[in-house]
Amino acid sequence: MAEEKTQTGGSWEDLSQADDAPELHVEDRAELNGEAGQDKSTAAEENTRDQQDKSSPNLLQMLKAAESRWTPQGQDGDKPEDPRAATDQLVTEALKTDMQIQLTDQKQEFNKRPTKTGRRSLSRSISQSSTDSYSSVCSDSSEDEMSPRQKDQKTSKGLTDFCVKNIKQAEFGRKEIEIAEQEMPALMILKKRAGGEKPLAGAKVVGCTHITAQTAVLIETLVALGAQCRWSACNIFSTQNTVAAALAEAGTAVFAWRGESEDDFWWCIDKSVEAQSWQPNMILDDGGDLTHWIYKKYPSIFKRIRGIVEESVTGVYRLYQLSKASRLCVPAMNVNDSVTKQKFDNLYCCKESILDGLKRTTAFMFGGKQVVVCGYGEVGKGCCAALKALGAVVYVTEVDPICALQACMDGFRVAKLSEMIRHVDMVVTCTGNKNVVGREHLDKMKNGCIVCNMGHSNTEIDLASLRTTELKWEHVRSQVDHVIWPDGKRIVLLAEGRLLNLSCSTVPSFVLSITATTQALALIELFNAPEGRYKQDVYLLPKKMDEYVASLHLATFDAHLTELTDDQAKYLGISKHGPFKPNYYRY
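Residue 262 in the numbering used here sits at position 250 of the sequence shown; the count goes up by one each step and never skips.
Structure follows, in structure tokens:
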């Protein structure tokens with residue numbers, strides 16, 4: 013990046029030290045102080061003129077070129093009517109010449125700059141962990157266009173059991189992981205405290221989550237606790253290629269890259285499951301796709317799984333469906349409905365990350381704009397609070413009367429989508445359901461309306477109805493598409509209806525530390541639980557573990573808990589060390 017900075021003009025410090033900057037010489041200071049005679053004054057004036065000539069190398073060329081093109085008085089027999097016209101003409105010609113010289117110099121300077129045939133990012137924030145940073149390092153355009161499935165890649169140790177965009181990007185991914193570690197204190201504490209005991213020794217964890225710097229910290233924590241891991245991505249747009257390369261270089265079998273096709277997506281999942289002399293006994297899933305794939309394609313492996321940990325609304329819903337149909341033959345832990353996941357990841361994380369994703373993709377001005385948020389669960393609450401804080405007029409759609417009443421008490425108008433769709437500037441879905449925004453809504457939207465999704469799956473927006481011959485799709489830039497109607501109306505679709513924050517921006521590492529620690533503890537609990545503790549059903553994370561995860565993060569804020577006395581604990585009928593709330597308590 014330092015090289016780019018030099019090429020594009022340098023810093024303010026460089027500009028302040030340029031040759032054409034005015035300079036006060038010793039002789040000038042002497043004259044001001046009255047300490048020099050007439051000789052020194054004359055020398056100073058000559059020196060100043062020399063410096064001015066040096067600082068304006070194009071001045072003489074400019075004047076000579078203009079003068080040569082200007083016809084002197086009397087040469088063509090026509091005398092200018094006004095002497096000032098000659099001066100004006102000279103100045104005009106001089107300016108034209110100066111512009112030509114500058115453009116020529118710029119062109120020559122541009123041609124001197126080294127070029128690359130590959131794509132490269134011109135600017136990049138160090139915190140932009142969900143984007144494909146340094147995408148052209150050690151690669152050319154032909155490699156970028158080639159599918160990772162067609163590449164023969166090896167790590168520095170000769171390992172080939174992985175499939176990522178470019179293994180040579182591992183160094184940059186390692187830096188991203190190291191940055192994330194500093195904002196994920198609980199996982200670092202867990203690794204330090206339990207690393208010697210290896211509570212996951214013998215665990216073979218197959219995972220399907222977003223592959224970012226934060227999840228990489230989780231994966232490497234599991235490895236430090238004794239687990240063997242194989243991983244794929246749960247979202248085709250959220251993978252950070254550099255991080256995937258860093259994981260592969262460290263020895264984790266990773267099969268993921270940003271921008272996978274639908275076929276690539278399922279191929280990667282299958283590769284993470286199917287391996288010679290290796291069969292998983294634990295599943296860590298985000299969305300249920302991995303669980304569904306093993307259940308359908310590898311039923312014998314599924315029956316030998318010791319536990320499933322699921323962190324999304326969609327995946328938990330699928331697990332409850334299997335349990336209700338008596339087809340869930342392994343115990344599963346519902347992390348999504350744990351207090352630490354609901355209140356921190358879903359609420360506070362989405363509260364910050366939705367704005368990041370929208371600003372990066374659209375540069376949208378929120379003040380005074382009308383926005384509909386579909387769903388007022390924890391994700392919806394976070395989104396509404398963030399949008400309202402920036403001055404947007406926010407409406408809410410809900411099917412649950414309790415959530416609808418909460419929205420009303422928080423100052424939002426609750427309405428049907430069909431009532432507001434003609435007037436709003438943006439629609440945000442966060443229900444976990446399907447076809448929340450249908451073609452009938454899309455047809456009624458006004459020109460320029462932005463449509464995006466903050467739920468896990470891309471089923472909330474009826475994209476199939478938009479892929480018709482009558483509608484034209486125009487790809488504007490990364491994660492931004494315009495869908496154009498025959499009359500010229502267009503809507504702005506972000507991330508093809510997939511999860512906005514992880515597809516278009518990033519999420520705070522600290523919040524993900526809470527969720528990741530919860531997932532790690534759930535894996536430890538299921539893997540080490542004595543036979544009979546958990547049956548073939550879906551369970552919530554024990555309250556004691558929720559409280560433990562929260563306590564690990566308090567030190568970051570220098571927070572100090574008040575301790576109950578023995579008499580107070582007896583009065584409440586609880587242990588002074590917790591859990592402090594019953595399972596049915598709603599925070």
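All C-beta atoms, glycine included, are put in the ideal place defined by N, C-alpha and C.
Neighbourhood of isoleucine 138 by C-beta, 8 angstroms cutoff - its chain only, sequence neighbours within 5 removed:
Low confidence applies to isoleucine 138: its pLDDT is 32, below 50, so where it sits in the model is not reliable, and the reading given next is rough at best. Correct list, in chain order: Ile191.
Name the residue from Lys180, Gly319, Gly271, Ile201 whose alpha carbon lies nearest to the alpha carbon of arginine 545.
Checked all of Lys180, Gly319, Gly271, Ile201; the closest Cα to arginine 545 is Gly319.
Taking the alpha carbon of lysine 180 as the point to measure from, which residue in Ile189, Thr167, Phe424 has its own alpha carbon closest?
Each of Ile189, Thr167, Phe424 was checked against the Cα of lysine 180, and the nearest Cα belongs to Thr167.
Whose C-alpha, out of Gly170, Val176, Gln194, Lys169, is nearest the C-alpha of valine 523?
Valine 523 has its Cα closest to that of Gln194, out of Gly170, Val176, Gln194, Lys169.
Classification of arginine 510 by the beta-carbon crowding that lies within 10 angstroms, buried from 16 upward
Classification for arginine 510: buried.
Are the segment 477 to 488 and the segment 457 to 469 in contact at 8 angstroms, needing three or more beta carbon pairs?
Using a C-beta cut-off of 8 angstroms, the segment 477 to 488 makes no contact with the segment 457 to 469, since fewer than three inter-stretch Cβ pairs fall below that distance.
Straight-line gap, glycine 271 to phenylalanine 249 (C-alpha atoms, nearest Å):
The straight-line gap from Cα to Cα measures roughly 5 angstroms.
For a minimum of 3 consecutive residues, which ranges assigned as the beta strand (DSSP E) are wholly contained in the segment 448 to 521?
Taking only runs of at least 3 residues, the beta strand (DSSP E) segments lying wholly in the segment 448 to 521 are 462 to 465, 484 to 489, 492 to 496, 502 to 506.
What residues match up with threonine 221 in a beta bridge as DSSP calls it?
DSSP, once it has assigned bridges, lists Ala245 as partnering threonine 221.
Nearest-angstrom Cα separation, counted from aspartate 499 out to isoleucine 526
For isoleucine 526 and aspartate 499, the distance between alpha carbons rounds to 48 angstroms.
Does DSSP put glutamine 240 in a helix, a strand or coil?
Correct three-state label for glutamine 240: strand.
When the Cα atoms are used, what is the spatial distance from valine 266 to serine 244?
When rounded, the distance between both Cα atoms is 6 angstroms.
If distances are taken between C-alpha atoms only, which option among Asp437, Gly467, Lys446 comes closest to asparagine 459?
With distances taken between CA atoms, asparagine 459 lies nearest to Asp437 out of Asp437, Gly467, Lys446.
Could you tell me whether the segment 421 to 430 touches the segment 465 to 478, using the rule of 3 or more Cβ pairs below 8 angstroms?
Inter-segment contact for the segment 421 to 430 and the segment 465 to 478 is absent: fewer than three beta-carbon pairs are separated by less than 8 angstroms.
Is threonine 254 closer than 7 angstroms to tryptophan 269 when the C-beta atoms are compared?
When the beta-carbon positions are compared, tryptophan 269 and threonine 254 stay at least 7 angstroms from each other.
Are there 16 or more other CB atoms within 10 angstroms of the CB of aspartate 298, so buried, or fewer, so exposed?
Under this definition aspartate 298 is a buried residue.
Let me confirm a value: leucine 71 is counted as buried when at least 16 other C-beta atoms fall within 10 Å, else exposed. Which label applies?
Since pLDDT at leucine 71 reaches only 46, below the 50 mark, its modelled position is unreliable, and the value read off the structure follows with that caveat. Flag for leucine 71 reads exposed.
When burial is assigned at 16 or more other CB atoms within 10 Å of the CB, is tyrosine 307 buried or exposed?
Here tyrosine 307 is buried: its Cβ has 16 or more other Cβ atoms, across all protein chains shown, within 10 Å.
Check whether the Cβ atoms of valine 550 and serine 324 lie closer than 7 angstroms to each other.
Inclusion of valine 550 and serine 324 in the CB contact set at 7 angstroms is not warranted, their separation being larger than that value.
Find out if the Cβ-Cβ distance for the pair threonine 530, proline 197 is shorter than 7 angstroms.
A distance of 7 angstroms or more separates the beta carbons of threonine 530 and proline 197.
Return helix, strand or coil for glycine 319, following the three-state DSSP convention.
Three-state result, glycine 319: strand.
Please tell me whether lysine 363 and alanine 397 are closer than 7 angstroms, where the distance is taken between their beta carbons.
Contact flag set, yes.
Three or more C-beta pairs closer than 8 angstroms, one from the segment 376 to 387 and one from the segment 341 to 360: is that the case here?
In short, these stretches do not touch, since the Cβ pair count stays below three.
Where do the N-terminal and C-terminal ends of the beta strand (DSSP E) with methionine 438 fall, by residue?
Following the DSSP letters along the chain, one finds methionine 438 inside the beta strand (DSSP E) bounded by residues 438 to 441.
Secondary structure at cysteine 175, three-state DSSP: helix, strand or coil?
Reduced to three states, the DSSP call for cysteine 175 is strand.
If I follow the unbroken alpha helix (DSSP H) through aspartate 558, where does it start and stop?
Secondary structure note for aspartate 558: its alpha helix (DSSP H) is the uninterrupted segment 555 to 566.
Could you check whether alanine 213 and glycine 185 sit closer than 7 angstroms to each other, using their CB atoms as the reference points?
Remark: C-beta atoms of glycine 185 and alanine 213 do not approach each other more closely than 7 angstroms.
So that I know if they touch, is there some Cβ in chain D lying closer than 7 angstroms to that of valine 411?
No chain D is part of this structure, which consists of one protein chain only.
Beta-carbon proximity check, proline 246 vs isoleucine 231, cutoff 7 angstroms
Strictly speaking, residue 246 in this sequence is cysteine, with proline absent from that position. It is not a contact, given that the beta carbons lie outside the stated cut-off.
Cα separation between isoleucine 366 and glycine 590?
Going from the Cα of isoleucine 366 to the Cα of glycine 590 covers about 35 angstroms.
Report all residues from its chain with a CB closer than 7 angstroms to the CB of leucine 576; omit the five preceding and five following residues, and keep chain order.
Here the set comprises Lys588.
Quick one: what does DSSP say threonine 577 is sitting in, helix, strand or coil?
Correct three-state label for threonine 577: coil.
Contact belief for phenylalanine 539 with alanine 215 at Cβ below 8 angstroms, rounded distance in angstroms
Going by Cβ atoms, the distance from phenylalanine 539 to alanine 215 rounds to 5 angstroms, so yes, they are a contact pair.
Short Cβ contact (7 angstroms threshold) for valine 408 with tyrosine 388:
The Cβ-Cβ distance between valine 408 and tyrosine 388 falls below 7 angstroms.
Member of Ser289, Leu505, Gln288, His304 whose CA lies at the smallest distance from the CA of isoleucine 295
When C-alpha distances from isoleucine 295 are compared across Ser289, Leu505, Gln288, His304, the shortest belongs to His304.
Residue range of the alpha helix (DSSP H) that includes glutamate 333
Going by the sequence as given, residue 333 is glutamine instead of glutamate. Per DSSP, the unbroken alpha helix (DSSP H) holding glutamine 333 starts and ends at 325 to 336.
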